[in-house]
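Novice: According to my numbering, the sequence shown is numbered sequentially starting from 153.
Even glycine gets a Cβ: it sits at the ideal position worked out from N, Cα and C.
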Amino acid sequence: MFSIIIPTFNNLDYLKLCIKSIKKNSNFDHEIIPHVNVGTDGTLDFLNSQKINFTFTNYNSGICEGMNKASKKAKFDYILYSHDDFYFCPGWDQILKNEINKIGHNNFYLSGIMMNNGPIKFDCGNEIKTFDENKLLSNYMNVNHYDFQGSTWAPHLIHKELWEKVGGLSEEYFPGTGSDPDLNMKLWNNGVRIFKGLNKCKVYHFGSIVTRKYKNHPTIKTESGSKGGKIFLLKWGITFKFFKKYYLRSDSKYERELSEPKKNLKYYFGFIICKLNYIYLKIFYSKLYRKI
């Protein structure tokens, strides 16, 4: 069914739980392909013992390079991106499959919805040692958001041909911040107008475990701060915020596939602000500009 790509960085306990939840709560037999960054915590031994196919770098390649490497091994038609600290709730894959069948073509970008650290605030523990799996499984169907427009959140699913057409994730966004909206922009420019988050496709998200673990570390970089926003603006000429507001119409209730943005006075005012910021960045961040 799906090739599930999971970048991971010395986060074995959470990766084990993520894989366990996929195997326990899926309706279909999916392919799981982690990309292991460094893997000095026993991740490599675990994956080999479970006969799980994976890719590996002995350095922190970040999300984008890891996703791109692992996706080359995908044997199924649909690629799903997952964090390693997700717990997949029952029936998540059937919801996505039903939506694919409903759409009737492959020109889309779909996502599930995150609980706890995401739009649905429901606390079953912020760490694996306090995780209340029974509480989650007893209540996940009763706590809801809505199908939303303009998804850039994981877990997200696209067709393999579309993924390859746009070149996967753009690796200039190392270690990853900004790569999701950048992927959406590439898809938009290739005619995709269905960007939909599905309320019933739920994952529990512990919340950036690796980022928290290595926050302010002198050599290990897991967060890029505002760099991703600068790269996006220099690359596309508009900001994340402008793209999500006027093109993806992010977080509003999903009604239909998107159309071109309404170019009213607010649009043009925001567009001018983007261009002024673009000129500023091009002048004062010349080194960054040359890398894009």
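If you follow the beta strand (DSSP E) that THR207 is part of, which residue opens it and which one closes it?
Specialist: In the sequence shown, counting from the first residue as 1, residue 207 sits at position 55. It spans 207-209 - the beta strand (DSSP E) in which THR207 sits, taken as one unbroken run.
Novice: For LEU400 and PHE347, which I take to be in contact (beta-carbon distance under 8 Å), what is that distance rounded to the nearest angstrom?
Specialist: Position 248 of the sequence shown, counted from the start, is the residue given in the question as residue 400. Position 195 of the sequence shown, counted from the start, is the residue given in the question as residue 347. Yes, they are in contact, since the Cβ atoms of LEU400 and PHE347 sit about 6 Å apart, within 8 Å.
Novice: Within the stretch 243-274, note down every full beta strand (DSSP E) run reaching 3 residues or more, in order along the chain.
Specialist: The qualifying runs are 260-268.
Novice: Taking all protein chains shown into account, do 16 or more other C-beta atoms lie within 10 angstroms of the C-beta of MET219, making it buried, or fewer, making it exposed?
Specialist: Locating residue 219 in the sequence shown gives position 67, counting from the first residue. So MET219 ends up on the buried side.
Novice: Rounding to the nearest angstrom, what Cα-Cα distance links LYS224 and ILE204 in this structure?
Specialist: Indexing the sequence shown from 1 puts residue 224 at position 72. Indexing the sequence shown from 1 puts residue 204 at position 52. If you take the alpha carbons of LYS224 and ILE204, they lie about 15 Å apart.
Novice: Can you tell me whether PHE392 is buried or exposed? The criterion is at least 16 other CB atoms within 10 Å of its CB, across all chains shown.
Specialist: Here residue 392 is taken as the residue at index 240 of the sequence shown, counted from 1. By the 10 Å Cβ count, PHE392 comes out buried.
Novice: By how many angstroms is the C-alpha of GLU412 removed from the C-alpha of LYS418?
Specialist: Here residue 418 refers to the residue found at position 266 when the sequence shown is read from its first residue. Here residue 412 refers to the residue found at position 260 when the sequence shown is read from its first residue. So the two alpha carbons sit approximately 15 Å from each other.
Novice: By how many angstroms is the C-alpha of ASN259 removed from the C-alpha of LYS452?
Specialist: Here the chain covers residues 153 to 444 and nothing more, so residue 452 does not appear.
Novice: Where does THR160 sit, in a helix, a strand or coil, going by DSSP?
Specialist: Indexing the sequence shown from 1 puts residue 160 at position 8. DSSP places THR160 in strand when its eight states are reduced to three.
Novice: Please classify GLU217: is it buried, with 16 or more other beta-carbons within 10 angstroms of its beta-carbon, or exposed?
Specialist: Here residue 217 is taken as the residue at index 65 of the sequence shown, counted from 1. GLU217 comes out buried.
Novice: Flag this pair as touching only if the stretch 293-305 and the stretch 401-410 have three or more C-beta atom pairs under 8 Å; answer yes or no.
Specialist: Judged by Cβ distances under 8 Å, the stretch 293-305 makes contact with the stretch 401-410, as three or more pairs qualify.
Novice: Take the Cβ of LEU164 as the centre, count every other Cβ of all protein chains shown within 10 Å, and call the residue buried at 16 or more, exposed below.
Specialist: In the sequence shown, the residue the question calls residue 164 occupies position 12. Buried is the call here.
Novice: Compare the Cα-Cα distances from PHE326 to each of SER213, GLY320, LEU262 and TYR437 and report the closest residue.
Specialist: On the sequence shown, position 174 is the one that residue 326 refers to. Closest by alpha carbon: SER213.
Novice: Quick check on LEU232: does DSSP put it in helix, strand or coil?
Specialist: Residue 232 sits at position 80 when you count from the first residue of the sequence shown. DSSP places LEU232 in strand when its eight states are reduced to three.
Novice: For HIS257 and ILE310, I'd like the C-alpha separation in whole angstroms.
Specialist: Residue numbering aside, residue 257 sits at position 105 when the sequence shown is read from its first letter. Residue numbering aside, residue 310 sits at position 158 when the sequence shown is read from its first letter. Each residue's Cα considered, the two are about 11 Å apart.
Novice: So which of LEU199, GLY191 and ALA222 has the shortest CA-CA distance to ASN210?
Specialist: Taking the first residue of the sequence shown as 1, we reach residue 210 at position 58. For ASN210, the nearest C-alpha among the options comes from GLY191.
Novice: Ends of the beta strand (DSSP E) at ASN351?
Specialist: Mapped onto the sequence shown, residue 351 falls at position 199. Unbroken beta strand (DSSP E) run through ASN351: 346-357.
Novice: Checking 8 Å against the spacing of the C-beta atoms, do SER185 and ILE156 come in under that value?
Specialist: The residue given as residue 185 occupies position 33 in the sequence shown. The residue given as residue 156 occupies position 4 in the sequence shown. The sequence as given places Ile at residue 185; Ser does not occur at that position. Yes.
Novice: In whole angstroms, give me the CA-to-CA distance for TRP244 and ASN341.
Specialist: For the purposes of this step, residue 244 is taken as the residue at position 92 of the sequence shown. For the purposes of this step, residue 341 is taken as the residue at position 189 of the sequence shown. Their backbone Cα atoms lie some 29 Å apart in a straight line.
Novice: So, with DSSP's three-state summary, where would you put GLU183?
Specialist: Against the sequence shown, residue 183 aligns to sequence position 31. Strand, per DSSP.
Novice: Tell me the rounded alpha-carbon separation between ILE152 and ILE425.
Specialist: The displayed coordinates of the chain run from 153 to 444. Any statement about residue 152 would go beyond what the structure contains.
Novice: By a C-beta neighbour count over all protein chains shown, 10 Å radius and 16 as the cutoff for buried, is PHE234 buried or exposed?
Specialist: Locating residue 234 in the sequence shown gives position 82, where the first residue counts as 1. Here the sequence assigns Ser to residue 234, which means Phe is not the residue at that position. When all chains shown are included, SER234 counts as buried.
Novice: Could you tell me which of ASN416, SER402 and SER378 sits nearest to TYR437, measuring between CA atoms?
Specialist: By 1-based counting over the sequence shown, the position of residue 437 is 285. Comparing Cα positions, the closest option is SER378.
Novice: Can you tell me which residues form a DSSP beta bridge with HIS311?
Specialist: To locate residue 311, count along the sequence shown from 1; it is residue 159. In DSSP, HIS311 forms a bridge with TYR230.
Novice: When the Cα of PHE198 is compared with those of LYS227, TYR292, LYS168 and LYS176, which residue comes out closest?
Specialist: For the purposes of this step, residue 198 is taken as the residue at position 46 of the sequence shown. The shortest C-alpha separation from PHE198 is found at LYS168.
Novice: Can you look up SER504 in the DSSP assignment and give me helix, strand or coil?
Specialist: The chain is shown only over 153 to 444; residue 504 falls outside these bounds and no answer can be derived.
Novice: Looking at C-alpha atoms only, which residue of ILE252, PRO159 and ILE272 is the closest neighbour of MET293?
Specialist: Taking the first residue of the sequence shown as position 1, residue 293 is located at position 141. Closest option to MET293, Cα to Cα, is ILE272.
Novice: How would you call ASP275, buried or exposed, if buried means at least 16 neighbouring beta carbons within 10 angstroms?
Specialist: Position 123 of the sequence shown, counting from 1, holds the residue named residue 275. The residue is exposed, with fewer than 16 neighbouring Cβ atoms inside 10 Å.
Novice: Classify ASP334 as buried or exposed, calling it buried when 16 or more other Cβ atoms lie within 10 Å of its own Cβ.
Specialist: Walking along the sequence shown from the start, residue 334 turns up at place 182. Looking at its Cβ environment, which holds 16 or more other Cβ atoms inside 10 Å, ASP334 is buried.
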